[in-house]
Amino acid sequence: MIKAIVFDYAGVLVDGPLIQWLKENIDDVLERKRILSEVAHKGDLWEGTFDAFLTFVGSRIGISKDDVLGTVYREAMVKKDVFDLVKKLKQTYTIVLFSNNQHEAVYEVLHRNDVLYLFDELIISSKYKLLKPQPAFFQKMLSILHMKKEEIIFFDDTKENVETARQLGISAFLFKDAKQLQKDLAGMGITT
22 MIKAIVFDYA GVLVDGPLIQ WLKENIDDVL ERKRILSEVA HKGDLWEGTF
72 DAFLTFVGSR IGISKDDVLG TVYREAMVKK DVFDLVKKLK QTYTIVLFSN
122 NQHEAVYEVL HRNDVLYLFD ELIISSKYKL LKPQPAFFQK MLSILHMKKE
172 EIIFFDDTKE NVETARQLGI SAFLFKDAKQ LQKDLAGMGI TT
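Written as structure tokens, this is what we have:
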């Protein structure tokens, strides 16, 4: 019996805030990829304060830390069609966010979009110093939720993360869009 539905953050619940900002402000595709890779590499396992993280991001994209918070994260928008489904699922299932990211940045976006309340757990890499697709991070998720792998459905937009979940016995689906999400849920006997 399914008890929890677990979602990745960037690419599933939101269009990555930094990705969106980079697309709108930096024309050079290779430069965007370089910046994103560097910020993700450090941010996903960030050990400093949120203020220091904002300063770090700002130094990489050429704006002040206040502007990083004010434009990159505060203007980030959640995917409304996905959250319409999440709101319905919340009535019956434990809803979990499971992401490689800087946890305070995730909280900021969810809070600003008034959807933080929908999550029973937020399991974010910078808080636990583990990354997907490492099996240890998936095991950490299972231990935090106090659930068996058979009780969870996982959605992620990265093939490697989905494959690792499946190898561990977790029902996992590659996220494409809200319509496919609904089909995948229906295939598992979950209707919204």
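At the far end of the sequence shown sits residue 213, using this note's numbering, and the numbering has no gaps. Cβ atoms here follow ideal geometry from the backbone N, Cα and C, with glycine treated the same way.
Boundaries (first-last residue) of the alpha helix (DSSP H) holding residue i
{"i": "L189", "result": "Unbroken run through L189: none, as it is neither H nor E."}
{"i": "L51", "result": "50-64"}
{"i": "I47", "result": "Neither: I47 is in no alpha helix (DSSP H) and is coded neither H nor E."}
{"i": "K161", "result": "156-166"}
{"i": "G79", "result": "71-82"}
Limits of the beta strand (DSSP E) - the one that residue i falls within
{"i": "D177", "result": "173-177"}
{"i": "A25", "result": "25-28"}
Cross-strand partners of residue i (DSSP beta bridge)
{"i": "L195", "result": "D177"}
{"i": "V35", "result": "A31, V99"}
Between the CA atoms of residue j and residue i - distance to the nearest angstrom
{"i": "R81", "j": "E68", "result": "18 Å"}
{"i": "I40", "j": "A207", "result": "31 Å"}
{"i": "T115", "j": "I165", "result": "12 Å"}
{"i": "L151", "j": "T185", "result": "14 Å"}
{"i": "D88", "j": "K111", "result": "34 Å"}
{"i": "D135", "j": "R55", "result": "31 Å"}
{"i": "L106", "j": "D205", "result": "12 Å"}
{"i": "H167", "j": "F74", "result": "31 Å"}
{"i": "T212", "j": "N182", "result": "24 Å"}
Subject >> Every unbroken alpha helix (DSSP H) inside the segment 85-146 [4 residues or more] >> reply: Qualifying alpha helix (DSSP H) stretches, in chain order: 101-110, 124-133.
Original post:
Touch check for the segment 175-185 and the segment 144-159: three-plus C-beta pairs under 8 Å?
Top reply: The segment 175-185 vs the segment 144-159: in contact.
Original post:
Three or more C-beta pairs closer than 8 Å, one from the segment 187-207 and one from the segment 92-108: is that the case here?
Top reply: In the pairwise beta carbon analysis, the segment 187-207 is classified as touching the segment 92-108: at least three pairs are separated by under 8 Å.
Subject >> Three-pair Cβ contact test at 8 Å for the segment 40-51 versus the segment 185-195 >> reply: Taking 8 Å as the limit for Cβ pairs, the verdict is that the segment 185-195 does not touch the segment 40-51.
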